[in-house]
Structures are given as C-alpha cells and as structure tokens.
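Chemist: Numbered according to the numbering used here, the sequence shown spans residues 1307 to 1723. Even for Gly, the Cβ is constructed at its ideal location relative to N, Cα and C.
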Amino acid sequence: MKQIGYLLLLMVVVFSCQKEKKETNTVVPEVKEEEKKPPVVREFGYILDDFKVVKDTIKPGDSFGEIMDNHGITRAKVFEITNKIKDTFNVARIQAGKPYMLLKAKDTSEKAQVFVYQNNKIDYTVIDFRDSIIASKRKKPVKLVEKTASGTISSSLMQTFDDLDLNFLVAYNMADIYAWTIDFTRLQAGDRFKVMYTEKFIDDTIPAGVDQIKASYFEHRGKPVYAFRFKDDSINNSIDYFDEEANNLRRAFLRAPVKFSRISSRYNLRRRIKYYGNKIRPHRGTDFAAPIGTPILATADGIVTKSERRGGNGKYVKIRHNATYDTQYLHMSRQAVKVGQFVRQGDVIGYIGMTGNTSGPHVCYRFWKNGKEVDPFKQDLPASKPLADSLRPAFYNHIEPLKAELDSIQFKPKEIL
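1) So Gly1496 is in the alpha helix (DSSP H); what residue range does that whole segment cover?
2) Closest to Ala1689 by C-alpha separation, out of Tyr1702, Tyr1547, Lys1410, would be which residue?
3) Can you tell me whether Ser1639 is helix, strand or coil according to DSSP?
4) I'd like to know if the stretch 1549 to 1560 and the stretch 1498 to 1511 are in contact, where contact means that at least 3 CB-CB pairs between them fall below 8 Å.
5) Expressed to the nearest angstrom, what Euclidean distance is found between the alpha-carbon atoms of Asn1619 and Lys1410?
6) What are the residues that DSSP puts in a beta bridge with Thr1592?
7) According to DSSP, is Ile1379 helix, strand or coil?
8) Just to confirm, is the Cβ distance from Leu1408 to Ala1418 under 9 Å?
9) For Phe1385, write down the residues that DSSP places opposite it in a beta bridge.
10) Counting C-beta neighbours from all protein chains within 10 Å, is the total for Arg1556 16 or more, i.e. buried, or is it exposed?
11) Using only the alpha-carbon positions, how far apart do Glu1721 and Asp1375 sit?
12) Can you find at least 3 beta carbon pairs, one from the stretch 1665 to 1676 and one from the stretch 1493 to 1501, that sit closer than 8 Å?
13) Please say whether Lys1621 and Thr1661 have beta carbons closer to each other than 9 Å?
14) Between Lys1361 and Glu1416, how many whole angstroms is the CB-CB distance? I'm expecting something under 8 Å.
15) When you compare each of Tyr1631, Thr1454, Lys1529, Asn1553 to Leu1712 by their alpha carbons, which one comes out closest?
16) Report all residues from its chain with a CB closer than 6 Å to the CB of Lys1727; omit the five preceding and five following residues, and keep chain order.
17) From the DSSP output, read off the bridge partner residues of Ala1689.
18) Between which residues of its own chain and Arg1568 is the CB-CB distance below 6 Å, once the five residues before and five after are set aside?
19) Is the Cβ-Cβ distance between Thr1487 and Phe1524 less than 9 Å?
20) Alpha carbon to alpha carbon, how far is Val1680 from Arg1572? Give it in angstroms, no decimals.
21) Threshold first: 4 residues or longer. Then list the alpha helix (DSSP H) segments lying entirely within the stretch 1422 to 1465, N to C.
22) State the start and end residues of the unbroken beta strand (DSSP E) segment that holds Tyr1657.
23) DSSP puts Pro1530 in a beta bridge; with which residues?
24) Tell me, which residues are paired with Phe1548 by DSSP?
25) Reducing DSSP to helix, strand and coil, say where Lys1612 ends up.
26) Can you give me the Cβ contacts of Ala1514 inside the same chain, cut-off strictly under 7 Å, excluding the 5 residues immediately before and after it?
27) Between which two residues does the beta strand (DSSP E) holding Val1564 run?
28) According to DSSP, which residues form a beta bridge with Glu1505?
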C-alpha cells in the first residue's frame, strides 16, 4: 500500500511540473505597435529627405562657379545658370560668412540641383536648375511679437539693455528717435525709459530683429519725453515720431553720423595735428571715432553729389541737402551709395575706415552752409515740420491707448537707484 501511495504522489508531482512547464512555455503573440513614420522635414520649400543635403558657409575667396564645380556642375552649365538668373541674382556678389545650402541628387552622380543662398535671417535666394533654370527671392515666414520693457540707466543705455537682457536693436532705434531731444552720450544715472515695440521671430523662436517701436517714454534729467510712431501723410506718406503734443521729434539733421560713437576731435581752426608734425592746421570737420566697418549714416535727406576717393580725404561721400546745406563724410573703408542717389536721414552711406590721411579709424564729418565749412554744433539747425493740423485729431485718437499703456508699465524695484 505504501508503494502504491508513493507512486500516486510521484505521478501527481510529475503531472504538475509538466503542466507548469507547458504554461511557462506558452508563447504569447507579440502585439506590434504601429510603426511611426519620421516627421517630414521641410526647409526653404523643399522636402530635405528627397535630396542629399549639404549645408555650408561662403568662405573668403569662394565663388559660385567653384562651389558648383566642387559638386558636379560643369563650367558650361554654370555659365548658363549665371546668364539666366543675372536679373534676379548676381552670383559675383555672394559674401563670405553667408550660409548656403545645396540640394544634391540621391543617386550615384550626387550632382547639385538646387542652391539656396541666405542673404540674412529672413531673406534668401533659391536657384533651382533641375530641369529649367529658375531663380527667385523669397522670405521666411515671420511672426511679430509685441513686447514692452522698462529700465533705469546705471552707466549707459547699451549697458542697461545688456544688464536687462533686452534686444540692443531697441536701444539703437530709441537713439534714432530721440537723436536731437536727448544726448545719449551724456545720460545720467537715474534716467529711465519705457518702450513698446514689436520683435520679429522665425519659427517662433529665432530672433530676427526689431520690427518697430510703437511708443516710448524717456525721462532725462527729470524731464519726460514721449514718442509715438505715426504716419504723416502730408510728407511723402512717411512715418515719423511725435511727442504727445504732435511736435516732430526729428530734426532736419542728426547730431552725429555714427551711433554711440565719441567725438575724438572737434571743429578747430587752430588745431595742432600730430599727423602733420604738430603744426597748426585748420580742422574744418568733427571726427567721430568708431571701429572699422561701423556704419556711417546720412545726417539728413538729400542727393549724393560725390562718392569717390581723393587724396587725404580717402574714400568719401558728399550730400546736397538743399540750397543751404551740404555734408561730407571722409576716410571711409568703402562707400555704400552712388552719385545721384537720394538718401534719407539715417540711411547707411558708407563704413568707418582709415583711407586717406588719418592715424586711426574714424569719420571726419564736414558741414557746409552756403558753400562754407562751419561747425555743425554751433548752427541753429531747423526742426522738422510738426504734424499738419488736419492730421492731429487722428493722431490724438491713435496715441490715447498707447499713452495709457505706457503709463501703466511699472519700473522694476531693483532698477531704481
């Protein structure tokens, strides 16, 4: 009996183990997740996965032809491309430092098919030569974001903007708006500002510059000055900035042809000049020192009468503003305007250099009145015209909500000195 009981127990154990093993080895069918497709990447209007993509930057000495040759395009084809697109894009003017993208065939030839040149963050040029040759200028979609800022000056406007991590282009624009009302080289600690502006963004995150300042408030030495952007239809459909009483903040002339520069030498008919052995030689200009390449601005509207290189003046530009006033800008590294061209106040006409007789990078700014060189800082220069009476009702309605919003912007406690 004991043997029978032992055998029965053994059979139960074996059966249980086999059942457990069978259950353990049961194959559970795998549930496959739905395959996720990678997102389609588009740039400049093309699906990048359709090509072999090369991204690079124009190097000093690079040419369009050399870039094409390095990517399988024959010289004959390059000549055909450049000829076909010359009215849209001058390939000789590609600049070192500018990014570009090549879209190449994904076959064994890997020939270039599309060339994209990025003029700046927003503007770009596409040359598509897959079948026919087509060149077009395009823009990336830009989103405008309205912003406000405020601050109190501790040392300089630029330093304050840097401390507050604000876009320095807003500071530049403010300096333009208040160019005659406020001397930004003589700001005091405790001067303060508020500003409403729109900033441009690409793909919602990439800053692409400042669009415009809508309104601002600047308190200098305890005196507040408002500025409101408004279209003045009575003057060539132009846009200017006016205070709350509709007075134009722009003078006929800017104080200086360079932003945030310093005067290294003033108009002086008895000045001793080191360059000429410390001999007394009349200095009939005002020198503004700035790094090489700094933009030089037209101080008033006018027509370019000279843009050349001559003797001690080096490369220079001269502008005729009206029957009374002319201005001249010497020692440029290069000019940016041609004779006969109309320029507006604040337009870039050239860049700081050291051409001609000069011991350091600067622009010598000369001011002519009735054909005679004079000191611009001793002239009673005319103000721009105030807003026309017919436009004032619309102006006052326009600025009412802007002024209310400006007044509601609070200065941060930590900024108050």
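Modeler: With the given structure in hand:
1) Within the sequence shown, numbered from 1, the residue matching residue 1496 stands at position 190. Segment: none, Gly1496 is in no alpha helix (DSSP H) and carries neither H nor E.
2) Position 383 of the sequence shown, counted from the first residue, corresponds to residue 1689. The option with the nearest alpha carbon to Ala1689 is Tyr1547.
3) Start at 1 with the first residue of the sequence shown, and residue 1639 comes out as number 333. Residue state, collapsed to three classes: strand.
4) no
5) As a first step, residue 1619 must be located in the sequence shown, where it is residue number 313. As a first step, residue 1410 must be located in the sequence shown, where it is residue number 104. Approximately 49 Å, taken between the alpha carbons.
6) As a working note, residue 1592 is residue 286 in the sequence shown. According to DSSP, which records beta bridges pairwise, Thr1592 is partnered with Tyr1671.
7) The sequence position of residue 1379 within the sequence shown is 73, counting from 1. Coil.
8) Numbered from 1 along the sequence shown, position 102 holds the residue referred to as residue 1408. Numbered from 1 along the sequence shown, position 112 holds the residue referred to as residue 1418. Their beta carbons are under 9 Å apart, which means Leu1408 touches Ala1418 by this criterion.
9) Here residue 1385 refers to the residue found at position 79 when the sequence shown is read from its first residue. Partner(s): none; Phe1385 has no beta bridge.
10) Locating residue 1556 in the sequence shown gives position 250, where the first residue counts as 1. Classification of Arg1556: buried, given that the 10 Å Cβ count is 16 or more.
11) For the purposes of this step, residue 1721 is taken as the residue at position 415 of the sequence shown. For the purposes of this step, residue 1375 is taken as the residue at position 69 of the sequence shown. For Glu1721, the predicted structure reports a pLDDT of 44, less than 50, and the residue's modelled location is therefore unreliable. A value from the coordinates is still provided. Each residue's Cα considered, the two are about 58 Å apart.
12) no
13) Mapped onto the sequence shown, residue 1661 falls at position 355. Mapped onto the sequence shown, residue 1621 falls at position 315. Yes, they are a contact pair.
14) Residue mapping note: residue 1361 aligns to position 55 of the sequence shown, counting from 1. Residue mapping note: residue 1416 aligns to position 110 of the sequence shown, counting from 1. Actually they are not in contact, since the Cβ atoms of Lys1361 and Glu1416 sit about 15 Å apart, beyond 8 Å.
15) Within the sequence shown, numbered from 1, the residue matching residue 1712 stands at position 406. If we check each option's Cα against that of Leu1712, Thr1454 comes out closest.
16) Here the chain has residues from 1307 to 1723 only, and residue 1727 is not among them.
17) In the sequence shown, counting from the first residue as 1, residue 1689 sits at position 383. Note: Ala1689 sits in a beta bridge opposite Arg1557.
18) Residue mapping note: residue 1568 aligns to position 262 of the sequence shown, counting from 1. Hits under 6 Å: Ala1595.
19) Along the sequence shown, read from residue 1 onward, the residue named residue 1487 stands at position 181. Along the sequence shown, read from residue 1 onward, the residue named residue 1524 stands at position 218. Yes, these two residues count as a Cβ contact at 9 Å.
20) For the purposes of this step, residue 1572 is taken as the residue at position 266 of the sequence shown. For the purposes of this step, residue 1680 is taken as the residue at position 374 of the sequence shown. Each residue's Cα considered, the two are about 11 Å apart.
21) none
22) For the purposes of this step, residue 1657 is taken as residue 351 along the sequence shown, with counting starting at 1. Per DSSP, Tyr1657 belongs to the beta strand (DSSP E) from 1654 to 1658.
23) Here residue 1530 refers to the residue found at position 224 of the sequence shown. Note: Pro1530 sits in a beta bridge opposite Glu1525.
24) Residue 1548 sits at position 242 when you count from the first residue of the sequence shown. Phe1548 is bridged to Phe1534, Asn1554.
25) The residue labelled residue 1612 in the question sits at position 306 within the sequence shown. DSSP places Lys1612 in strand when its eight states are reduced to three.
26) Stepping through the sequence shown from its first residue, residue 1514 is reached at position 208. Lys1427, Ile1428, Val1448, Lys1506, Phe1507, Ile1508, listed in sequence order.
27) The residue you call residue 1564 lines up with position 258 of the sequence shown. Neither: Val1564 is in no beta strand (DSSP E) and is coded neither H nor E.
28) Reading the sequence shown from its first residue, position 199 is the one you call residue 1505. BP columns for Glu1505 point to Val1451, Val1516.
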